[in-house]
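Read in the numbering used here, the sequence shown has 734 at position 28, and its numbers run on one by one without any break.
Ideal Cβ positions, reconstructed from N, Cα and C, are used throughout, including at glycine.
Computed from a prediction, not measured in an experiment: that's the story for all the values here.
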Amino acid sequence: MGAGPRGSYLHDGEKTYAIVDSLGGGWRGPVTGWYWYTSSSDKIPRMNTSNAPCKTPEEAKEQAKEFVVKHLESK
(Lines of atoms letter the chains of each structure in order from A and count residues from 1; the text may use other names and numbers.)
(Lines give C-alpha, C1' and ligand atoms only; values in the text may rest on other atoms or scores of the structure.)
Protein backbone atom coordinates (compact mmCIF):
# COMPACT_ATOMS: atom_id res chain seq x y z
CA MET A 1 0.00 0.00 0.00
CA GLY A 2 1.13 3.47 -0.76
CA ALA A 3 -0.19 6.95 -0.88
CA GLY A 4 -3.77 7.65 -1.89
CA PRO A 5 -4.87 9.79 -4.81
CA ARG A 6 -3.63 13.34 -4.85
CA GLY A 7 -5.92 16.12 -3.80
CA SER A 8 -5.93 19.62 -5.23
CA TYR A 9 -5.79 23.22 -4.09
CA LEU A 10 -8.03 26.16 -4.96
CA HIS A 11 -5.74 29.19 -4.99
CA ASP A 12 -5.08 32.48 -6.71
CA GLY A 13 -1.32 32.00 -7.10
CA GLU A 14 -0.59 33.53 -3.72
CA LYS A 15 -3.20 32.32 -1.27
CA THR A 16 -4.80 28.87 -0.92
CA TYR A 17 -8.54 29.12 -0.24
CA ALA A 18 -9.67 25.48 -0.20
CA ILE A 19 -8.21 21.98 -0.38
CA VAL A 20 -9.89 18.96 -2.00
CA ASP A 21 -8.87 15.54 -0.69
CA SER A 22 -10.03 11.92 -0.85
CA LEU A 23 -11.67 9.99 1.94
CA GLY A 24 -9.55 6.86 1.99
CA GLY A 25 -6.96 5.71 -0.51
CA GLY A 26 -3.56 4.10 -0.01
CA TRP A 27 -3.02 2.98 3.58
CA ARG A 28 -6.40 4.51 4.54
CA GLY A 29 -8.33 1.85 2.59
CA PRO A 30 -10.47 2.29 -0.51
CA VAL A 31 -11.53 5.76 -1.62
CA THR A 32 -15.10 6.30 -0.41
CA GLY A 33 -15.56 9.87 -1.63
CA TRP A 34 -14.05 13.34 -1.93
CA TYR A 35 -14.35 16.30 0.41
CA TRP A 36 -13.09 19.83 0.64
CA TYR A 37 -12.16 22.14 3.46
CA THR A 38 -11.12 25.70 4.13
CA SER A 39 -9.30 27.39 6.96
CA SER A 40 -10.89 30.48 8.39
CA SER A 41 -9.52 33.71 7.01
CA ASP A 42 -10.68 37.30 6.90
CA LYS A 43 -13.01 36.49 3.97
CA ILE A 44 -13.61 32.73 3.91
CA PRO A 45 -15.25 30.97 6.89
CA ARG A 46 -14.05 27.58 8.06
CA MET A 47 -15.78 24.67 6.31
CA ASN A 48 -15.17 20.90 6.16
CA THR A 49 -17.42 18.64 4.08
CA SER A 50 -15.97 15.28 5.14
CA ASN A 51 -19.32 14.32 6.73
CA ALA A 52 -21.06 14.74 3.35
CA PRO A 53 -18.48 13.68 0.74
CA CYS A 54 -18.87 14.06 -3.01
CA LYS A 55 -18.62 11.12 -5.40
CA THR A 56 -15.92 12.66 -7.59
CA PRO A 57 -13.03 15.10 -7.15
CA GLU A 58 -14.55 17.30 -9.86
CA GLU A 59 -17.79 17.65 -7.89
CA ALA A 60 -15.85 18.53 -4.72
CA LYS A 61 -13.78 21.11 -6.63
CA GLU A 62 -16.91 22.75 -8.02
CA GLN A 63 -18.54 22.94 -4.57
CA ALA A 64 -15.39 24.43 -3.06
CA LYS A 65 -15.10 27.00 -5.86
CA GLU A 66 -18.74 28.08 -5.47
CA PHE A 67 -18.31 28.45 -1.69
CA VAL A 68 -15.10 30.47 -1.97
CA VAL A 69 -16.35 32.75 -4.77
CA LYS A 70 -19.59 33.42 -2.88
CA HIS A 71 -17.69 34.57 0.20
CA LEU A 72 -15.05 36.55 -1.70
CA GLU A 73 -17.76 38.45 -3.57
CA SER A 74 -19.73 39.21 -0.40
CA LYS A 75 -16.82 40.91 1.39
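Cα-Cα separation, residue i to residue j
i, j, result
"residue 741", "residue 722", "16 Å"
"residue 780", "residue 769", "17 Å"
Contact check, residue i vs residue j, beta carbons under 8 Å
i, j, result
"residue 759", "residue 731", "no"
"residue 729", "residue 756", "yes"
Own chain, CB closer than 7 Å to residue i, minus 5 neighbours either side, in chain order
i, result
"residue 766", "726, 740, 741, 742 and 760"
"residue 753", "743, 744 and 773"
Terminal residues of the beta strand (DSSP E) in which residue i lies
i, result
"residue 728", "722 to 729"
"residue 747", "Neither: residue 747 is in no beta strand (DSSP E) and is coded neither H nor E."
"residue 714", "714 to 717"
Residues near residue i by beta carbon distance below 8 Å, same chain, minus five either side
i, result
"residue 717", "723"
"residue 763", "711, 713, 714, 726, 728 and 740"
First through last residue of the alpha helix (DSSP H) which encompasses residue i
i, result
"residue 780", "763 to 780"
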